[in-house]
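J.:
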Amino acid sequence: MNLNTLDLTHRRGIITGAGQGIGRALALEFGRRGGHLLLVGRQLATLTETAQLVAAEGGTTEILVEDLTTPGAVDRILDAVASWSVVDLLVNNAGNVRAGRLDHTSDADVHAMIDLNLTAPILLTKSLLPALRQSGQGRGSILLNISSGIALVGMPFYSVYAATKSGIAQFGESLRRELIGTGVHVATVYPGATDTAMMTSQNAGADLGWERRALADVITDLIAALAAGEHDINTAPAGRRSMQELNVTDPLAVDAAMAPGLAALELAVSDHRSI
Ligand SMILES: NC(=O)c1ccc[n+]([C@@H]2O[C@H](COP(=O)([O-])OP(=O)(O)OC[C@H]3O[C@@H](n4cnc5c(N)ncnc54)[C@H](OP(=O)(O)O)[C@@H]3O)[C@@H](O)[C@H]2O)c1
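Per our numbering, numbering through the sequence shown is continuous, rising by one, with the last residue being 665.
1. Hey, could you find the ends of the alpha helix (DSSP H) residue 563 is sitting in?
2. For a test of the three-state rule: what should DSSP assign to residue 577, helix, strand or coil?
3. How long is the line joining the alpha carbons of residue 511 and residue 548, rounded to whole angstroms?
4. Using only alpha-carbon positions, find the residue among 575, 539 and 458 that is nearest to residue 525.
5. Residue 485 and residue 407 look like a contact to me (Cβ under 8 Å); what is the Cβ gap, rounded to whole Å?
6. Can you give me the C-alpha to C-alpha distance between residue 468 and residue 523, rounded to a whole angstrom?
7. On the three-state DSSP scale, how would you describe residue 412?
8. Of all the options 474, 466, 432 and 442, which has the alpha carbon lying nearest to the alpha carbon of residue 455?
9. How about residue 660: is its Cβ closer than 6 Å to a heavy atom in ligand 1?
10. Can you name the residues that DSSP bridges to residue 531?
11. Could you tell me the alpha carbon to alpha carbon distance between residue 500 and residue 613, rounded to whole angstroms?
12. List, from N- to C-terminal side, the alpha helix (DSSP H) runs of 4 residues or more that fit wholly inside the segment 442-481.
13. Restricting to Cα atoms, I'd like to know which of 527, 483 and 530 is closest to residue 507.
14. By a C-beta neighbour count over all protein chains shown, 10 Å radius and 16 as the cutoff for buried, is residue 516 buried or exposed?
15. Given residue 633, which residues of its chain have a CB within under 8 Å of its CB, disregarding the five upstream and five downstream residues?
16. Taking the beta strand (DSSP E) that residue 381 falls in, what are its first and last residues?
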């Protein structure tokens, strides 16, 4: 594979869901490299904490308190960066999850996941593309979409979440091809279960195939892969990778392997909710 390394220093851009978890950790990484970041999320308190942490690392920030699923959110984000001469980073990270059998999932939760995990990043990317293209003329712009390992192996009781995460992954792949030669580097991250607040209400452990990785380890791998110029960044633990490979060659074998543990998994994820 022909990879061109990416310079992650002095990036100027937007990180959604920057108040905690993966979004905050990425803000720290770009901040440490001299970045200037617009931190977007619904809670001023957590965004302010991220801003302080980024400042301690040498980066600078602006904060925009915004629910990405509300009408006009994209316009308000664009307004916030309108005076910037360069916007060469967009991290579509904000996301939510509700697990459970499809027929037990409320319509409101279906809409909440699709609105935040799929519609919001597509609309934001669409509106920011001219700026990313223009800013990417030199060393390139970065569009980083946070998908999930669930886009590589669909998990029972996560059908809607899986739909959104597969959707954002294929959105990125299509766009990467559409944007070839424009200087916009499109990368998709496929995190496996990662130790963040999103996972606190999920009780499936390694015995059910849900080995969790520490956030710091996931971020180290992610940043190294991004800097190396990778487009598809898989941070899954080793155990899950063999299942991902089997899912390509023999998906029904994965069905069979999961079947005996279905009842235990359904129970373990029954409270999993971050909406
Ligand atoms: N943790 C995992 O195991 C895992 C695995 C695979 C993929 N991922 C993906 O990684 C991304 C980050 O996950 P995480 O684990 O860091 O989750 P998290 O700890 O729950 O953080 C989610 C972030 O999104 C923001 N957010 C939620 N709803 C929002 C809205 N309507 N508008 C604006 N911001 C909103 C939250 O801030 P506010 O509450 O302030 O809005 C928060 O900062 C998500 O896309 C998730 O699907 C996570």
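Where is the CB? At the ideal position from N, CA and C, for every residue including glycine.
These figures come from a predicted structure and were not determined experimentally.
T.: Answer, in terms of the structure:
1. 549-568
2. strand
3. 20 Å
4. 575
5. 7 Å
6. 15 Å
7. helix
8. 432
9. no
10. 574
11. 31 Å
12. 463-471
13. 483
14. exposed
15. 543, 599, 644 and 647
16. The structure shown does not extend to residue 381, since the chain spans only 391 to 665, so no value can be given for it.
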